[in-house]
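Have a look at the structure below, then the notes.
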Amino acid sequence: MSLCLAPTGTTTTTSKTATTTTTSKTTTTTTTKTTTGSSSTSTSIDTKIKARGKQYFGTAADQNTLSVSEIDAIVKSVFGQLTPENSMKWDATEKSQNSFTFTGADYLVNYAQTNGKLVRGHTLVWHSQLPSWVSAITSASTLTTVIQIHATTIVTRYKGKIAKWDVVNEIFNEDGTIRSSLDFASAPSSDYVSVVNACLAVSKCVGVTASVWGVSDNYSWRASSTPLLFDSSYQAKAAYNANLAAL
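Heads up, the sequence shown is in the numbering used here, so the first residue is 60 and it goes up one at a time.
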């Protein structure tokens, strides 16, 4: 089990933010340095959550964002896990039946292995981003066989390289009767902290993936809502620092 937050080469700008956390027994002052470009942040949210017994604090990315030097630096510095934004979805891997393409997925997995990041495979079966030939299937038995072939091919290719799999994503209907959605876009920092604390409170929750869907706001598919942990200038936002303080 993991929780998913919806908050996403040269040296550019540097900012320093001092945050103070006070408890009933001690007062601790932590200075967080966030630098884009070739340098890195001095406080990793992944390191902090691992110290609390979890496996990772991750994010979502793909080749188009990992190729951006500022995002590359952030991912290497503060995140311990990568979830592919789109490159492992059905329309990206098997657009035509039995004809598989792994360029994008291979890039992400190779990047993760090179940089010591875990990978959460996303996703084998989803109601969205399906190629038209899959959507056109009306036979349950045919669809079952197609799913088995697709899933087996993907999982076999990345055997030993994927830490966790989202096997079936959002399986329930969107009419509100079974599945409900949690939207964190424009939410206050305290809401992000609540999600992290929920993971910390559940032993079977192994980590958090901060995404809807990515690293910095300017590359988010919901850029107008500025939902991610880093702003369009690649600087850590209040929600990121609030999570650091909570950990």
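Note that beta-carbon positions come from the ideal geometry of N, C-alpha and C, so glycine has one too.
Remember, predicted model here, so these are calculated numbers, not experimental data.
Is DSSP giving Asn174 helix, strand or coil here? coil
With C-beta atoms as the reference, is Gly180 less than 8 Å away from Tyr217? yes
Taking the alpha-carbon positions, what's the Asn228 to Gln188 distance? 12 Å
Kindly indicate which three-state DSSP category Phe289 falls into: helix, strand or coil? strand
Who are the near neighbours of Gly219 in its chain, counting only those whose CB is closer than 7 Å to its CB and skipping five residues on each side? none
Where DSSP assigns a beta bridge to Lys223, which residues make up the other side? Arg179
Bridge partner(s) assigned by DSSP for Ala119: Thr142
Helix, strand or coil for Val267, going by three-state DSSP, please let me know. strand
CA nearest to the CA of Thr182, picked from Ser283, Val214, Tyr251, Thr197: Val214
Would you tell me roughly how many angstroms separate the C-alpha atoms of Ser275 and Asp131, rounded to the nearest one? 11 Å
Does DSSP classify Asn256 as helix, strand or coil? helix
Could you tell me the distance, in whole angstroms, from the CA atom of Gly117 to the CA atom of Ile221? 14 Å
Spell out the partners DSSP gives Val184 in its beta bridges. Val227
Going by the CB atoms, is the gap between Thr124 and Tyr278 shorter than 8 Å? At the C-beta level, Tyr278 and Thr124 come within 8 Å of one another.
Nearest-angstrom beta carbon gap, Glu153 and His209 [assumed within contact, 8 Å]: For a cut-off of 8 Å, the C-beta gap from His209 to Glu153 is around 6 Å, short enough to register as a contact.
Return the chain-ordered list of same chain residues with a C-beta closer than 8 Å to the C-beta of Lys113, the five sequence neighbours on each side being excluded. Cys258, Leu259, Cys264, Val265, Gly266, Val267
Neighbour-count burial assignment, Trp192, 16 or more Cβ in a 10 Å radius: exposed
In terms of DSSP beta bridges, what is Ser155 paired with? Ser158
Taking the alpha helix (DSSP H) that Thr201 falls in, what are its first and last residues? 199-216
What distance in whole Å lies between the Cβ atoms of Val226 and Ile206, which are believed to be in contact at a cut-off of 8 Å? That pair is no contact at about 10 Å.
To the nearest whole angstrom, what separates the beta carbons of Leu306 and Val255, a pair I think is in contact under 8 Å? Their Cβ separation, rounded to whole angstroms, is 7 Å, which keeps Leu306 and Val255 in contact under 8 Å.
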